[in-house]
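Visitor: Heads up: the sequence shown is residues 8 to 195, going by our numbering.
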Amino acid sequence: MPQPESFEDEKQRIIESCFTDSNDDGQPMETYLTHIRVQDCILHLPSSSPPPHRAEDIRKERFIIIARRSTGTARLHKARENADGSFSIGRTWNIEDLASIESFSNATLPSTSEQEARMRAWASDAGFVVTFEKGCYWRASSAEEKERFIEELVKTLTDRTGGQMPVLRGVDIDQTAQLTAAPSSSVL
C-alpha cells in the first residue's frame, strides 16, 4: 500500500490539475472524492482480464478518480500523470452507468471453468474489472487498495442513485451491504 504522504501528494496534485474550475456562483464544478493508482491493461477482450501469456508492456500506469459534480451526480475519471507531475483526464464515465464490478481475489467462490481459474491466478488479488459499456481491467498495487476503492465506488454509486447497485462478482457482498447501509461519511 502506498505511503500516506504519497497518496496525499497525488491527491493534492490531482485536485490542482483537474478540479479547479468553478461555476458562476464560485462553487467547484466538480469535487475530488478519492483515487487509486492502477495498471491499466489496454489490449484485451472486453469484460475479461488479459491472458497470462501477454507481456507486461501492454500495461499503462493510470489513476482512477471518483468525483462528485456540483449537480450531485458522480463520475469516474481515468487520468495519467504527466512528466511535470500534473494530471490529465483522458476518459470519463457517469457513475450511474456502472454495470458491474468483478474482483479476482475472492478465492472462496468456485471458478466456473479452467480458464477462469487460470485468469484468477494470473490476476492475483489486486486485479479487477469495472464494466460500463465495456470492461476495463485494472490492477491495483495491493488487494487492500483495490478493496478500499471498490467499497468507495459502490458507496458513491448507491449514495448518488438512491441504492442502485452494479452486478458484483467476487466482491464480499456482506461487507458491501454493510457499507451501503451505513450512513454517509467522508471519503479519503
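Each residue gets a CB set at the ideal place from its N, CA and C atoms; glycine is no exception.
Could you check how far apart the C-beta atoms of phenylalanine 94 and cysteine 143 are, in whole angstroms? I think they sit under 8 Å.
Guide: That pair is no contact at about 18 Å.
Visitor: In terms of residues, what are the limits of the beta strand (DSSP E) holding alanine 150?
Guide: Per DSSP, alanine 150 belongs to no beta strand (DSSP E); it is in the alpha helix (DSSP H), 150-168.
Visitor: Whole angstroms are fine: how far does the CA of serine 110 sit from the CA of serine 120?
Guide: 16 Å
Visitor: If we ignore side chains and look at the alpha-carbon of each, how far apart do threonine 80 and threonine 165 end up?
Guide: 11 Å
Visitor: Can you say whether glutamate 37 is buried or exposed, counting buried as having 16 or more other CB atoms within 10 angstroms of its CB?
Guide: buried
Visitor: Whole beta strand (DSSP E) runs in the stretch 83-120 with 3 or more residues, listed along the chain?
Guide: 94-101 and 107-110
Visitor: Please report the distance separating the alpha-carbon of lysine 153 from that of glycine 169.
Guide: Spanning the two alpha carbons is a distance of roughly 24 Å.
Visitor: DSSP on glutamine 46, reduced to helix/strand/coil?
Guide: strand
Visitor: With a Cβ-Cβ cutoff of 7 Å, do phenylalanine 139 and aspartate 104 count as a contact?
Guide: yes
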